[in-house]
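K.L.:
At position 12 of the sequence shown (counting the first as 1) the number is 25 in our numbering, and the numbers step up by one without a gap. Every residue, glycine too, gets a C-beta built ideally from N, C-alpha and C.
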Amino acid sequence: MERHTAVQNFEAVNLSDLISKVGDLKADGYRLVQICGVNLDDDTYEILYSFDKDHIMRNLRLDIAIDEEVESITGIFWPAFIYENEIHDLFGVKFNHSALDYEGTFFKVSEETPWKVKK
14 MERHTAVQNF
24 EAVNLSDLIS
34 KVGDLKADGY
44 RLVQICGVNL
54 DDDTYEILYS
64 FDKDHIMRNL
74 RLDIAIDEEV
84 ESITGIFWPA
94 FIYENEIHDL
104 FGVKFNHSAL
114 DYEGTFFKVS
124 EETPWKVKK
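1. Say whether the segment 87-100 touches the segment 66-75, bearing in mind that this needs 3 or more beta-carbon pairs closer than 8 angstroms, one atom from each stretch.
2. Grab me the residues of L38's own chain with a C-beta within less than 7 angstroms of its C-beta, minus the 5 sequence neighbours each way, in chain order.
3. Answer with buried or exposed for L53, where buried requires no fewer than 16 other C-beta atoms within 10 angstroms of its C-beta.
4. Per DSSP, what are the beta-bridge partners of D65 in this structure?
5. For the alpha helix (DSSP H) that F104 lies in, which residues bound it at each end?
6. Report the partner residues of N52 according to the DSSP bridge assignment.
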């Protein structure tokens, strides 16, 4: 049995270029693997979009201010609604034009946006 070694590539992406970059990956045959959010510091979140094609991972790294809004990629990859709603509920990041927006009720949490940076 032949073993494949996954290759990962990370690319910083500007908010204004996110939709076109994701669209290019879709057109090139990549599939959405996951979207992950994390606090970088008191002013910035990182959202990591991961895609796969033939065991090659492409990761788009988007850094945003904590109050910045992001365009939803559900128009390109519909299942992204799961990750976008999760990030919204946990961090408070607003995704515009989502195909399915739970408006902060995707998860039942004990406090609103528990991982949001508190200033």
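P.N.:
Inspection of the coordinates gives the following:
1. no
2. Along the sequence shown, one-based indexing puts residue 38 at 25. Closer than 7 angstroms at Cβ, skipping near neighbours: F64 and R71.
3. Here residue 53 refers to the residue found at position 40 when the sequence shown is read from its first residue. Burial call: exposed.
4. Counting from one through the sequence shown, the residue named residue 65 turns up at place 52. Partner(s): R44 and M70.
5. Counting from one through the sequence shown, the residue named residue 104 turns up at place 91. Element bounds for F104: A93 to F104.
6. Locating residue 52 in the sequence shown gives position 39, where the first residue counts as 1. Y58, per the DSSP bridge assignment.
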